[in-house]
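Working notes, structure below.
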Amino acid sequence: MKSQPLIAVSDVQAASAWYQQLLGCKSGHSSEEHDQLTDADGNLVLQINHWDAHDHDYLGDQDRKPYGNGVLLWFEIDDFDEATKRLEGMTVPVLDGPLVNEEAGHREVWLRDPDGYVVVLASPQGDLKAA
Numbered sequence: 001m002k003s004q005p006l007i008a009v010s011d012v013q014a015a016s017a018w019y020q021q022l023l024g025c026k027s028g029h030s031s032e033e034h035d036q037l038t039d040a041d042g043n044l045v046l047q048i049n050h051w052d053a054h055d056h057d058y059l060g061d062q063d064r065k066p067y068g069n070g071v072l073l074w075f076e077i078d079d080f081d082e083a084t085k086r087l088e089g090m091t092v093p094v095l096d097g098p099l100v101n102e103e104a105g106h107r108e109v110w111l112r113d114p115d116g117y118v119v120v121l122a123s124p125q126g127d128l129k130a131a
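Now the structure itself:
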């Protein structure tokens with residue numbers, strides 16, 4: 001089983017560029033209405049959909065914010081240090097971190113994306129315990 005998270009945004013191209021820069025991934029299928037971001041191996045990482053595209057009845061209400069109440073977009077990043085360096089070149093509201101999650105034995109940084117979703121970048125589970 002593989003997850004295929006999809007978020008609704010107001011500007012697909014801007015959101016796609018933001019996530020590509022943040023995660024170091026690439027566009028696998030891009031249009032004004034939809035994009036699919038993939039990792040270096042071509043695995044789907046995130047789908048980005050315009051609010052008005054594809055007639056998704058259960059996507060939510062564009063006017064009701066913050067988006068994703070109760071949902072975090074959590075990405076385990078193999079090279080956490082490189083990911084945090086990429087953040088330095090971006091205008092990103094950092095909510096918390098970088099910090100150490102002692103229980104999980106890894107590092108995290110909590111962000112807010114341009115559409116208001118909460119995004120977490122985390123080093124691999126247990127990476128601090130292995131060191």
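Residue numbers (the UniProt record's numbering): 1 to 131. Backbone N, C-alpha and C fix where the C-beta goes; we use that ideal spot for every residue, glycine too. Bear in mind that the values here come from a model prediction, so they are computed numbers and not experimental data.
Cut-off 7 Å between Cβ atoms - residues of its own chain near residue i, not counting five sequence neighbours on either side
i      : result
Asp100 : Correcting the residue identity first, residue 100 is Val in this sequence and not Asp. Hits under 7 Å: Arg107 and Leu128.
Ser27  : Ser16, Gln20, Asp35 and Leu37
Ala53  : Glu33 and His34
Beta-bridge pairing of residue i - partner residues as DSSP gives them
i           : result
residue 139 : Nothing about residue 139 can be read from this structure; the chain reaches only from 1 to 131.
Ala122      : Glu76 and Glu108
Leu6        : Gln47
Local conformation of residue i per DSSP, three classes
i      : result
Ala40  : coil
Tyr19  : helix
Asp127 : helix
6 Å CB neighbourhood of residue i in its chain, flanking five on each side removed
i      : result
His50  : Val12 and Glu33
Leu121 : Phe75, Ile77, Ala83 and Val109
Leu6   : Gln47 and Asn49
Cutoff 8 Å; reference residue i; Cβ partners in own chain excluding five residues on either side
i     : result
Ala14 : Pro114
Arg86 : Gln21, Leu22 and Gly24
Leu95 : Trp110, Leu111, Arg112 and Val118
Neighbour flag for residue i against chain C, beta carbons, 7 Å
i     : result
Pro66 : Given the protein chain composition of this structure (a single chain), no chain C is represented.
Expected contact under 8 Å - CB spacing of residue i and residue j to nearest Å
i     : j      : result
Gly97 : Gln125 : The pair is not a contact, with the Cβ atoms about 16 Å apart (cut-off 8 Å).
Leu59 : Gln4   : With 8 Å as the limit, Leu59 and Gln4 do not qualify as a contact, their Cβ atoms being about 14 Å apart.
Jot down the residue ranges of each uninterrupted beta strand (DSSP E) in the stretch 54-111, minimum 3 residues, whole runs only, in chain order. Here the runs fully enclosed are 73-76 and 94-101.
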